[in-house]
Amino acid sequence: KAGVTQTPRYLIKTRGQQVTLSCSPISGHRSVSWYQQTPGQGLQFLFEYFSETQRNKGNFPGRFSGRQFSNSRSEMNVSTLELGDSALYLCASSALGRLGGYTFGSGTRLTVV
Amino acid sequence: AQKITQTQPGMFVQEKEAVTLDCTYDTSDQSYGLFWYKQPSSGEMIFLIYQGSYDEQNATEGRYSLNFQKARKSANLVISASQLGDSAMYFCAMREASFGNQFYFGTGTSLTVIP
Chain X
13 KAGVTQTPRY LIKTRGQQVT LSCSPISGHR SVSWYQQTPG QGLQFLFEYF
63 SETQRNKGNF PGRFSGRQFS NSRSEMNVST LELGDSALYL CASSALGRLG
113 GYTFGSGTRL TVV
Chain L
461 AQKITQTQPG MFVQEKEAVT LDCTYDTSDQ SYGLFWYKQP SSGEMIFLIY
511 QGSYDEQNAT EGRYSLNFQK ARKSANLVIS ASQLGDSAMY FCAMREASFG
561 NQFYFGTGTS LTVIP
């Protein structure tokens, strides 16, 4: 079956702009989580969605937001981009109720110039 | 306190040899899951192995095994018969049943397999 699909794979934006990243989970998976990976901070949790509801949020400023659609696809948005937002953004999907069974996508590499 | 600690920033192993990557964790939850992921330079996080806190036997997946020592709160990854394609970053991670579904990741270990 198809894995987790993240688009686009690469993105270059200018400071002050906004960006939207997309994540399509594995078919049947209703939980989607987002992570930011930087060399300095490592992998950090952004937020998790289930059935279009945000269930958990990490310690990120309000410029970072997300949503989930009825087909479980998720988007995250970063407004007023800063140089420090340059990172690999990873999405993971899971069937609810299982501690295991999370699958990550290939990520979107965002560069802010 | 760090939830996941990986103390080996970099490791080298000879091809065909076994290697152990260390991971210790910290949780007060009784129900949790421990994971190892491989991340090649392409960026994708590739699932390797999972161990549930209530699993009595150590998990194994092909050449990967997880040495789970609950009392010591350690979950070391053992890769047997290393291959050149095993060169990558390896992350230990944990999810707790009581505290949402987020992963806590370690800082990773960069493994280099030498021919």
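So the sequence lines, in the order shown, correspond to chains X and L. Under the working numbering, the first residue of the first sequence is numbered 13, with each subsequent residue one higher. Under the working numbering, the first residue of the second sequence is numbered 461, with each subsequent residue one higher. Glycine residues also receive a C-beta, built at the ideal position from the N, C-alpha and C atoms.
Counting C-beta pairs with one atom in each stretch, the stretch 47-56 of chain X and the stretch 478-496 of chain L have fewer than three that are closer than 8 angstroms, which means they do not touch. In the DSSP assignment, L:E556 is bridged to L:Y492. Membership of X:E60 in the beta strand (DSSP E) is indicated by the continuous run G54 to F62. By a beta-carbon distance limit of 8 angstroms, L:A548 does not contact L:F563. Their separation comes to about 18 angstroms.
Put simply, of X:Y22, X:R79, X:Q48 and X:T92 the residue whose alpha carbon is nearest the alpha carbon of X:N71 is X:Q48.
With its beta carbon at least 9 angstroms from every one in chain L, X:E64 lies outside the interface. Along the stretch 560-574 of chain L, the positions whose C-beta sits under 9 angstroms from a C-beta of chain X are G560, N561, Q562, F563, Y564, F565, G566, T567 and G568, read in chain order. Of the candidates X:T50, X:V124 and X:G78, X:G78 places its Cα closest to the Cα of X:F62. Of all residues in the stretch 40-57 of chain X, only S43, S45, Y47, Q49, G54, L55, Q56 and F57 come within less than 9 angstroms of chain L when Cβ atoms are compared, listed by chain position. In chain order, E64 place their CB closer than 7 angstroms to the CB of X:S82, counting only its own chain and leaving out the 5 sequence neighbours on each side. Counting C-beta pairs closer than 8 angstroms gives fewer than three between the stretch 21-31 of chain X and the stretch 507-520 of chain L, which falls short of the contact rule. Contact of L:A478 with chain X is not assigned, every C-beta pair being separated by 9 angstroms or more.
With a beta-carbon spacing of about 5 angstroms, L:V473 and L:S542 fall inside the 8 angstroms limit used to define contacts. Chain X places no beta carbon closer than 9 angstroms to that of L:S501, leaving this residue out of the contacts.
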